[in-house]
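What follows is a short report on a single structure.
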Amino acid sequence: MDCRAALRSIEAKADGLLPREEAAELAGHLAGCLACSAEDAALSATGPVLRALTGIRAMEKAPALDAMWTRVRAGIEESRETRRRSSWIARWAWIPAAVALAVAALLFYPSTTDRSPFHPSSFDVAVEDVESDVATVALVDKGEDLPRVIWIIEDA
Amino acid sequence: MHSAASRYIRPDPPGRPGGPAYCFLLLLLLLAAGPSEAADTVTVDVGAVYASNEGTSIDPTLGTIRGKLQSMFNYTSYRMLDRKRRSLSVGETGEFELPGQRTMRATLLPAQGDKVRLSIRISDGPRNLLTTTLGLRRGGMVLVGGPSHKAGVLILLISAE
Numbered sequence: 003m004d005c006r007a008a009l010r011s012i013e014a015k016a017d018g019l020l021p022r023e024e025a026a027e028l029a030g031h032l033a034g035c036l037a038c039s040a041e042d043a044a045l046s047a048t049g050p051v052l053r054a055l056t057g058i059r060a061m062e063k064a065p066a067l068d069a070m071w072t073r074v075r076a077g078i079e080e081s082r083e084t085r086r087r088s089s090w091i092a093r094w095a096w097i098p099a100a101v102a103l104a105v106a107a108l109l110f111y112p113s114t115t116d117r118s119p120f121h122p123s124s125f126d127v128a129v130e131d132v133e134s135d136v137a138t139v140a141l142v143d144k145g146e147d148l149p150r151v152i153w154i155i156e157d158a
Numbered sequence: 175m176h177s178a179a180s181r182y183i184r185p186d187p188p189g190r191p192g193g194p195a196y197c198f199l200l201l202l203l204l205l206a207a208g209p210s211e212a213a214d215t216v217t218v219d220v221g222a223v224y225a226s227n228e229g230t231s232i233d234p235t236l237g238t239i240r241g242k243l244q245s246m247f248n249y250t251s252y253r254m255l256d257r258k259r260r261s262l263s264v265g266e267t268g269e270f271e272l273p274g275q276r277t278m279r280a281t282l283l284p285a286q287g288d289k290v291r292l293s294i295r296i297s298d299g300p301r302n303l304l305t306t307t308l309g310l311r312r313g314g315m316v317l318v319g320g321p322s323h324k325a326g327v328l329i330l331l332i333s334a335e
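So the sequence lines, in the order shown, correspond to chains A and B.
By the count of our numbering, the first sequence reaches residue 158 at its end, each step adding exactly one.
By the count of our numbering, the second sequence reaches residue 335 at its end, each step adding exactly one.
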């Protein structure tokens with residue numbers, strides 16, 4: 003293994019991608035090459051240093067990140083509450099609409115028609131006069147419980 | 175970052191929670207302000223019933239008058255063809271179209287107390303079938319029958335409220 007191949011293997015080793023058979027070959031090269039051995043040592047130390055540095059930066063920024071997350075969470079809650087409120091309005095908005103329809107039906111339904119059943123309270127009727135030009139008219143009275151009938155017998 | 179996030183998650187301003195209630199109250203007011211009948215008017219209600227021996231059906235809209243029709247006449251079927259109402263004041267005449275090109279004109283005459291006086295004229299084209307003057311109580315009813323219609327006769331249920 004020459005130094006160029008050894009450097010590629012050192013980088014692969016630092017990334018954890020070096021195959022086992024090449025690791026043995028690299029170890030053999032490092033044992034006899036001071037320059038590559040120094041490079042290997044430097045790269046091997048870089049990972050822990052970066053991890054430590056990231057940890058330190060994260061600790062420094064933790065309060066600011068916490069504060070931002072608190073704002074985000076509050077915003078989400080507020081948004082949910084608004085959605086809940088608007089869905090409540092949507093759920094009950096049909097009631098005024100239904101009442102409006104009912105009122106419109108009552109106001110604009112032709113008042114000259116009526117489908118409610120007949121429930122007369124009295125059959126006490128006085129027939130003051132009766133006449134017809136083309137028919138014979140009979141007055142039928144079958145008792146107080148029954149309505150008086152004016153019967154028209156059309157002449158043939 | 176802060177302002178951008180805030181802009182993104184800021185909810186729309188909430189609607190006025192009392193909106194539907196205001197609409198409901200407005201509609202109730204409209205309903206309360208609807209047309210109401212004055213005490214000096216009478217509503218004349220005319221139902222045109224087709225009585226025949228075709229079938230045995232009795233129209234449920236005849237209400238309590240069904241049994242009385244059955245006990246007074248020998249027809250097997252009573253069907254409500256039309257029903258009309260007119261609110262009349264004294265001196266006013268209302269016209270009711272009847273089945274078979276017939277018409278009925280009712281004029282409200284002066285009366286006292288809960289009495290109602292009606293002048294009724296039923297015509298078949300130019301022919302005067304009936305002219306009568308009736309005195310009845312509010313809520314009372316009188317029947318006028320006999321004009322032929324199809325295979326049976328017409329019976330008019332005339333009531334005043």
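For every residue, glycine included, the Cβ atom is placed at its ideal position computed from N, Cα and C.
A Cβ-Cβ distance of about 12 Å is found for the pair B/Ala225 and B/Val318, leaving them out of contact under the 8 Å criterion.
Listed as beta-bridge partners of B/Met254 by DSSP are B/Val223. Among the residues facing chain A, B/Lys242 is included, as its CB has a counterpart in that chain under 9 Å away. Listed by position along chain B, the residues whose Cβ is nearer than 8 Å to that of A/Leu148 are Lys242, Ser245, Met246.
A contact between stretches requires three or more CB pairs, one per stretch, nearer than 8 Å, and the stretch 131-144 of chain A meets this requirement with the stretch 289-308 of chain B.
Of all alpha-carbon atoms in B/Thr217, B/Leu331, B/Gly314, B/Gly313, the one lying nearest the alpha-carbon of B/Val264 is that of B/Thr217.
Taking a Cβ-Cβ threshold of 8 Å, the residues of chain B close to A/Ser124 are Leu310, Arg311, Gly313, Gly314, Met315, in chain order.
Nearest CB-CB separation between A/Ala40 and chain B: not below the 9 Å threshold. Less than 9 Å divides the Cβ of B/Gly313 from the Cβ of A/Ser123. Check the Cα spacing between B/Ser261 and each of B/Leu282, B/Thr235, B/Gly299: the tightest is with B/Leu282.
Sixteen is the threshold: when 16 or more other Cβ atoms of the shown chains lie within 10 Å of the Cβ of A/Ser11, as they do, the residue is buried. If you draw a 10 Å sphere on the C-beta of B/Gly268, you find 16 or more other C-beta atoms in it, and that means buried. In chain order, Ala225 place their CB closer than 7 Å to the CB of B/Phe247, counting only its own chain and leaving out the 5 sequence neighbours on each side. For B/Ser231, there is no enclosing beta strand (DSSP E), as DSSP marks it with neither H nor E.
Here the alpha carbon of A/Ala44 sits roughly 42 Å from the alpha carbon of A/Val74. DSSP, read as helix, strand or coil, puts A/Thr84 in helix.
Under the Cβ distance rule, B/Asn227 does not count among the residues neighbouring chain A, no pair being separated by less than 9 Å.
Counting C-beta atoms within 10 angstroms of its own C-beta, A/Ile97 has fewer than 16 neighbours from the protein chains shown and is therefore classed as exposed.
When 7 Å is used as the limit between beta carbons, B/Gly237 is near these residues of chain A: Pro119, Phe120, His121, in chain order. Taking the beta carbon of B/Gly265 as reference, no residue of chain A falls within 9 Å; the closest one sits roughly 17 Å away.
When the Cα atoms are used, A/Glu13 and A/Arg59 turn out to be separated by approximately 26 Å. When the alpha-carbon of A/Phe120 is set against those of B/Ala222, B/Gln275, B/Tyr249, the nearest one is in B/Ala222. Comparing alpha-carbon positions, the option among A/Lys144, A/Leu32, A/Thr56 lying closest to A/Ala8 turns out to be A/Leu32. Any Cβ of chain B closer than 9 Å to the Cβ of A/Asp68 would place that residue at the interface, and such an atom is absent. Listed along chain B, the residues sitting closer than 8 Å to A/Glu156 by beta-carbon distance are Leu303, Gly320, Pro321, Ser322. Between the beta-carbon of B/Asp256 and that of B/Pro273 there is about 6 Å, and that keeps the pair under the 8 Å contact cut.
Within chain B, no residue has its CB atom less than 9 Å from the CB of A/Ala107, the nearest being about 11 Å off.
By the C-beta density criterion, A/Lys144 is exposed, having fewer than 16 other C-beta atoms within 10 angstroms. DSSP places A/His31 inside the alpha helix (DSSP H), whose first and last residues are 22-34. The C-beta separation of B/Asp219 from B/Arg259 comes to about 5 Å, placing the pair in contact by the 8 Å criterion.
Per DSSP, B/Gly319 lies in no alpha helix (DSSP H) segment; the continuous beta strand (DSSP E) that holds it begins and ends at 314-323. Where A/Arg10 is concerned, there is no enclosing beta strand (DSSP E), although the alpha helix (DSSP H) around it starts and stops at 5-16. Taking all protein chains in view, the Cβ of B/Arg276 is crowded by 16 or more other Cβ atoms within 10 Å, so the residue is classified as buried.
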